[in-house]
Each structure stands twice: as C-alpha cells, then as structure tokens.
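Number of protein chains: 2
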Amino acid sequence: MGAVTIYDVAERAGVSIKSVSRVLNGEQNVSVALRAKVQEAVDALGYRPSLSARSLAGSSSYLIAAFVDADLTIEHWRSGRGNDYLSRMELGALIEARNSGYHLMIELVDPGSPTLERDMSSVLGSLKPDGVILTPPISDASVVLDVLEARGTPYVRLGPETQLDRGRRVYMDERRAAFDMTVHLARLGHREIGFIVGNPRYAASRLRREGFEAAMAQHGLAVRDDWVLEGDFTFTSGFECGARMLAGAERPTAIFASNDDMAFGVLQAASRGGLAVPADLSLVGFDDTPSAQFSMPQLTTVRQPVAEMAETAARMLISAAQAKTDDGLERVHQAAYTLIARESSAPPRLARAARIPVGQG
Amino acid sequence: MGAVTIYDVAERAGVSIKSVSRVLNGEQNVSVALRAKVQEAVDALGYRPSLSARSLAGSSSYLIAAFVDADLTIEHWRSGRGNDYLSRMELGALIEARNSGYHLMIELVDPGSPTLERDMSSVLGSLKPDGVILTPPISDASVVLDVLEARGTPYVRLGPETQLDRGRRVYMDERRAAFDMTVHLARLGHREIGFIVGNPRYAASRLRREGFEAAMAQHGLAVRDDWVLEGDFTFTSGFECGARMLAGAERPTAIFASNDDMAFGVLQAASRGGLAVPADLSLVGFDDTPSAQFSMPQLTTVRQPVAEMAETAARMLISAAQAKTDDGLERVHQAAYTLIARESSAPPRLARAARIPVGQG
DNA sequence: TCCGGAAATGACAGCGCTGTCAATAGGATG
DNA sequence: CATCCTATTGACAGCGCTGTCATTTCCGGA
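Next comes the structure, spelled out in structure tokens:
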C-alpha cells in the first residue's frame, strides 16, 4: 500500500538513502542536481518520511505538545460544554504547526497531582516533543517548569504570572487591559463602579483586579468593599454577585466583571431585578467570548488574541527547535488586546450621575 | 536525564527486554513472578515506552487522529473565534484516549483540495494512526474514506449523511430531533412556523429541514415557501433571514432556526423590529451553543452530545485496534439528543392564535 | 601537472522497541 | 524414568530514519 520508504525514493533517484535524508531536511552541501533528482522521486512516489522513524533516529520529533489543565478539561467535559480558550489556542497552534510541518498534540496535565513530576516525565519521555506550550494555569506550575528544564525541552508559557524570568512566554497585559476598561467606564461618567473578581486560581484574576483598582485610584474614585465581590469565572457566580451587588439601596452605576460569563450572570441578575442595561446599569466583561456579540445588549469587553498568541508560541518553539544556538531567539512576546465597546456600556443616567455631587456637597 | 529505556528496566528486573515488553503490552503467558518483577522496576524507574520506537517497530502507533475541515478551521482562526463543536469533540476524544493510553492528534484536511488523496496518504503515512475520527463535513468525503479503506486504517465518521454503509459511525438522529422541536412548537399552539435552513454544505441542514417538514405535515400545518429561508449557519445570515421573514404584514408566530447562531441573529432582528421573544415570537435553535443559556431570553434548543459522541468514536477505534478480528465490534452508534426547552418558546399570543380560525372560517 | 582542502556523497551503526522463532522449563503421560 | 506437550522466556533481526565518519569529487594554487 502507501508504504513508501526512503529506500524506494533512494532507489528511484539512484542515490543513497542518506542523500535523500539530506534533501528532505534541507541540509547544506547538497548539489542542485542531487536535490532535483530526489525531489522528483519524492513527488512521483508521494513519499512522506515516517514521523516515528525520524523521531526515533534523530533528535527532533516534529511534535509540539500543548499542556492543558486536566481538571478544567474534565469539568468542561462533564458539563458537555466546549472550552473556548482551548479551542482558540489550538487553532492558532495548529495552523502554525501545519505550516511548518509539525504536529500538535494535546496533553492533559493535573498540576495538583502528587505524581505530577512522574506524569510529566512520562509524557515527555514517550512523546519527546520538540517544544511544549503551557496554558494557564499550568503556565505557573513550577514543578512543570522544573521538569521541562531538566529535560532541556523548550517551552512557552501562555499568560504566566509568576517567575516571569523562566522560559519563554507570550502574554497580554491583563492589568493594563483592565485598567483601560475601567477608564472607559470612568470616561463615560461612572463614578460608582462595582467589580467582580475571577477565580483566584488564575493569575489573571489578580491582575485584572489590580488594573481596576489602579484606574479607580487614578481617577479619584473610591473602591467600595461591598462592591468588589469574588466570583469564580462562572455564569452562576456572576449571577450571585450581581444579585448581591444590585440588591442594596445603594448600587453601582456600572459593573466590571472579570470575564464575560460572569458578566452574563450579572446581566441576568439585573434583568430579574428590573434593571435595564445599559440604561440603568453599565456592564462590561473580559474575554470576548462568542456570546458577547450575540447577547442583548451586546457586551462591551476586552478581546484577548488567544489564537495569535498560540501561533506565536508555536513559532517560537519551532524556531528554537531548528536553531542550533539559543541566541537571538525571541523569549518574550507581548500580544495586543482590544477593548471592544459595544452596547452594554453607556453614560450613567443623569439622575444618578447628578446624585453623587449632591450627596458629596 | 529521564531517558529511561527498556534496557534499564530489563537490567534492573534481571530479565530480557522482550519480557519487559510482554508485561507492558499485557501479553499472555507471562508468569506472575515475572510480571511483578518488571512492574516493580518500571515503577521504580518511572519508565515509559517511547511512542516512536513502539510505532516504528510494532504494528500500532497508539495514536488516534481527528480529521477536521481545514477551511472551516481557518475561517474560525481568521475571525479569532473558537470552534465549539471542535472543542467538545476533542474533549471527548481526549478523555477516552487518555484513559486508554492513546494520544490524540488533530489534523486539518481540505476536502476540496485537488491533492486531497496525496495529502491524506501523507498524513497517514507519516503518522500511521491506529484510527481516525472524521468530523463533519469530512465524514462525507468519499475520497477520504477511499484512502482510509485502501490503507486499512479503521475510522469512525461523526454524523455522516451519505454512504451510511461505509465504515463505522456515530450519529444523532437530526431529522427526528428537528421533528421533535417542530412538534414542540406545534404543541405550544403555533400554526404559522417559519424555518431557516442551514449551510447546504452540511448534511445536517437537509436532515433538519426534512424533520421540520415532516412534523409540519403530520400536524396538518402548511409550510410556506416565503417562510423557509436559506441561511448558512452564521449569525448574520440568521439576522437577514429573520429580518426578511418578520418584515411582511403576515409573519410567523414562531421561527425554527437550524442552529443557535442563526437563532441569535433572528433574535436580534426581532428585537430591532420591536418584537419581544417569546411574547410576540417564539424562537428555537439547534446545537445548544454556550450562548444559548446566557441569552435573553434563554434559547430553546437541541443539545447534541458531541463530547460523548467523540468519546464513543475513540472507544470504537481503540477496541478495533486492540481486537484481532473485526467481528463483534460496534460499527454504528446512535447518540441521544435532548430537547432543551428554555424561555424563548411559549404559546403564541391569544390574539394571533385566534386570528387563524377567524381567517379560515 | 600535482597537491591540499573544501564540497558532496555514501557506508554503516544504531535509536528503542516488537515480531518471530528458538530454547528452556515444567508437567502430565505411559 | 523417558517422552511429549505446553507454558514461559530469551536471542536476534529488523522497523525507517539520522548521526558520524569515511570516501570520493572537484577546485584553485604551487
């Protein structure tokens, strides 16, 4: 059947298998004539080198592995819901890998497992990937970094928070994005702004909160404790926090939820409470999930270019795998975010906006 | 470093490498004592067999490949949006693969490419996967099936429409689901129901439409040509079709969109047209995308258990790879769908519902 | 014309496993 | 106790490539 080997190609081209190998790998010191002969044979036979043979014999496996949090994945699997971040990350990595003749493998990693170190060695040992992409929250699992470094496997961390000097990373300035979003609300005239924190397990939660607080401070706005509630990135938690925040006699004119899902929860709560968005309450999220453009009103949010980030990560790894030396390779890449102002944020109602100076004066 | 080989294990256990191999592969005729010795050594050394060596030497690669439509993927990638179907499919396949010690690889395939056959051989030749999962619309690409069959690689088709006798498949009864959904609307009292067809490229589009028509016929309801519009599964197309259908003096009391994204488009159109859902218009979709539970009103839709289906597919492939003979293996699996009635569907307003008999009497 | 060195090519030994087949060890049989 | 059969284990040859090192070829310069 299709089992064309390097021997067949060599025979047809009338050269040694080593020469075929040379042409295939674009090595130097190959004459034009040889290259042409081999190329012809390869094309005619439709030959493709066997991945396993290459990776067994040589030092590269043409494999990029993406490490994904197992818990999170299993949670998604249980609920039957997809994982938008994972999906976007993959698209980017997949496309870059494909363009460079690499393959992408997704591996689940449980950073809390007592056998983490062994599990990692296991995967790395059996796959021997040329590079590894770490997704949050694995990007910050120091044991994982340790193992990777011990084995000398290049890796790129997506959106890491701690130990920023280790390895390569591709990130977005979450703090600044949250800062900008807060400024967006302030510019609209909001002075009473609530915030819903994300799952503390994710670095992003802290950063987004810091950005919010910094912007509030800069604009001389008070951050009220009872208006900063802790969610966990789920719709439900958003609903609960929203309901709580909107229940009191005093309520904010705008709420900034640390991600879109929670924002939708708040939207639901507002709706049940008889509040119209953005008329009675401005609402902004973070992530630009697909739903953000379908919701009513459409949600103002921040778009993180996940696919691009993964693409960059894959490219960094592939260059690292192909370069002899580590010099001159990009190690840190900051991706640009976009604040997408849609319908859910607007100036506060005059009545409410006016109330503040009155109360203060 | 972590480079533990089978030789190390054999040495430590005081046996031959072949024996280690036997234990690892669970072969028969291995004494308890041997098994114990080897197991001890494996555990102590944290040994994992090299995937590439195994696949090079043996007949299995411990790899499952999922073939995904390249165009579609690139489209998603361009728009920066994730692909919910892909994501859910992957979760299922990933979890099953992981449980059985297999690995999952995603490969992009362009079924329209003139070099499709060669591309396929390429991938199959270099990866030598033990099984392949085909996702729509690749499930129906006969050239792909041809190549797979020629190579003798087991494959499972997810939701195929044509050539149902070829290969294995896991599917959902789309027609019946659409039928049920239509009945749902009819039972609520709707008699004037519009339908938005999906992208003709997908088999599901036709099936859903057939289900709709069959149910209408069974309930003695007329299918009006101007109330059956053709979209392409995108939000925008849903918006346009919705706007068109709702513009006329006569408009349906309910609209069934072939997928959720289009339903959201209709929702938007209805909203702009001053129509409240479900008060003035009942609206139902198909797919249960994440947004369906966050939208307002929450969308009535059909949930396809994509993750489960992929899980089943992976399991079928793994059993096929492990079985000596093909006998007794499951080849066809029908997955159960769920009609999720949420807020967007309700009885038509009395005024409108009453109008019909008046007009007819 | 001959020589040294760089450029181009080939020969060959594995990479870490599995498949095949041979060898050895126990048991049951007569 | 010899014989035969089966359960168990091992020896060894690759799988299809790449890395290393040897060999051949080709030039420019003496």
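As given, the protein sequences belong to chains W and P, one line each in that order. When you read off a place in the first sequence, starting at 1, and then add 3, the result is the number in our numbering. When you read off a place in the second sequence, starting at 1, and then add 3, the result is the number in our numbering. For every residue, glycine included, the Cβ atom is placed at its ideal position computed from N, Cα and C. Since we're looking at a predicted model, the values are computed, not measured.
So with CB distances below 8 angstroms, who are the chain W contacts of residue i?
i	result
residue 76 (chain P)	94, 97, 98
residue 368 (chain P)	In the structure displayed, chain P extends from 4 to 364; residue 368 (chain P) sits before or after that span and is not available.
residue 293 (chain P)	84, 85, 87, 292, 293, 294
Residues in the same chain with beta-carbon distance under 8 angstroms from residue i, minus the five sequence neighbours each way, listed in chain order, please.
i	result
residue 124 (chain P)	150, 154
residue 85 (chain W)	79
residue 349 (chain W)	191, 281, 282, 285
residue 64 (chain W)	54, 57, 58, 130, 131, 132, 133
residue 363 (chain W)	Because residue 363 (chain W) carries a pLDDT of 31, less than 50, the predicted location of this residue cannot be relied on, and the following value inherits that uncertainty. Around residue 363 (chain W): no qualifying Cβ.
residue 247 (chain P)	232
Report the partner residues of residue i according to the DSSP bridge assignment.
i	result
residue 66 (chain W)	W:106
residue 60 (chain W)	DSSP, once it has assigned bridges, lists no residue as partnering residue 60 (chain W).
residue 72 (chain P)	P:112
residue 79 (chain P)	BP columns for residue 79 (chain P) are empty, so no partner.
residue 336 (chain P)	P:173
residue 12 (chain W)	Paired residues: none, contrary to the question.
residue 342 (chain P)	P:305
residue 198 (chain W)	W:231, W:259
Using a Cβ-Cβ cut-off of 6 angstroms (strictly less than) and excluding sequence neighbours within five positions of residue i, which residues of its own chain qualify?
i	result
residue 181 (chain W)	211, 214, 215
residue 351 (chain W)	192, 193, 256
residue 356 (chain W)	Residue confidence is low: residue 356 (chain W) scores 41 on pLDDT, short of 50, so the model does not pin down where it sits. No coordinate-derived value is stated.
residue 4 (chain W)	Confidence at residue 4 (chain W) is low in this model, with a pLDDT of 48, below 50, so its placement is unreliable and the value that follows should be read with caution. Excluding residues within five positions, none has a Cβ falling inside 6 angstroms.
residue 195 (chain P)	255, 256
residue 126 (chain W)	110
residue 23 (chain W)	9, 12, 13, 41
residue 276 (chain W)	249
residue 347 (chain W)	280, 281, 286, 300, 302, 303
residue 94 (chain P)	310
residue 221 (chain P)	none
Can you pull the chain P neighbours of residue i, defined as C-beta to C-beta under 9 angstroms?
i	result
residue 111 (chain W)	97, 98, 101
residue 270 (chain W)	297, 299
residue 131 (chain W)	53, 54, 55
residue 336 (chain W)	Simply none; closest approach about 17 angstroms.
residue 308 (chain W)	83
residue 151 (chain W)	The premise fails here: residue 151 (chain W) is roughly 11 angstroms from chain P at the closest Cβ pair, so nothing lies under 9 angstroms.
residue 318 (chain W)	Per Cβ cutoff of 9 angstroms: no residues; residue 318 (chain W) is ~14 angstroms from chain P at best.
Output, in chain order, the set of chain P residues within a Cβ distance shorter than 8 angstroms of residue i.
i	result
residue 107 (chain W)	108, 109
residue 121 (chain W)	49
Residue i touches chain P at which residues, Cβ-Cβ below 7 angstroms?
i	result
residue 267 (chain W)	297
residue 79 (chain W)	94
residue 274 (chain W)	299
residue 38 (chain W)	By Cβ distance, chain P contributes nothing, its closest Cβ being about 20 angstroms from residue 38 (chain W), past 7 angstroms.
Starting from residue i, find everything on chain W with Cβ-Cβ shorter than 7 angstroms and list it in chain order.
i	result
residue 238 (chain P)	297
residue 17 (chain P)	The premise fails here: residue 17 (chain P) is roughly 22 angstroms from chain W at the closest Cβ pair, so nothing lies under 7 angstroms.
residue 58 (chain P)	55
Using a Cβ-Cβ cut-off of 7 angstroms (strictly less than) and excluding sequence neighbours within five positions of residue i, which residues of its own chain qualify?
i	result
residue 25 (chain P)	33
residue 344 (chain P)	187, 303
residue 143 (chain W)	163, 164, 165, 206
So with CB distances below 9 angstroms, who are the chain W contacts of residue i?
i	result
residue 368 (chain P)	Outside the displayed range of chain P (4 to 364) lies residue 368 (chain P), so it cannot be described from this structure.
residue 7 (chain P)	124, 128
Quiz prompt | Cβ contact (3+ pairs, closer than 8 angstroms) linking the region 78-88 of chain P and the region 41-55 of chain P | solution = no
Quiz item: What runs of the beta strand (DSSP E), each 3 residues or longer, lie entirely inside the region 117-196 of chain W?
Solution: 134-137, 158-161, 171-175
Quiz item: Are the region 256-275 of chain P and the region 204-218 of chain P touching by the rule of at least three beta carbon pairs closer than 8 angstroms?
Solution: yes
Quiz item: Fully enclosed by the region 255-321 of chain P, which beta strand (DSSP E) runs are 3 residues long or longer?
Solution: 257-260, 285-287, 304-306
Quiz item: Counting pairs of beta carbons, one from the region 276-288 of chain P and one from the region 64-72 of chain P, are three or more of them closer than 8 angstroms?
Solution: no
Exercise. Check whether the region 272-282 of chain P touches the region 237-253 of chain P, counting contact only when three or more Cβ pairs, one atom from each stretch, lie closer than 8 angstroms.
Key: yes
Quiz item: At a cut of 8 angstroms, does the region 312-325 of chain P reach the region 94-108 of chain P through at least three beta carbon pairs?
Solution: yes
Quiz prompt | the region 327-347 of chain W / the region 16-24 of chain P touching (three or more Cβ pairs under 8 angstroms) | solution = no
Quiz item: Is there contact between the region 166-181 of chain W and the region 303-315 of chain W, where contact requires at least three CB pairs shorter than 8 angstroms?
Solution: yes
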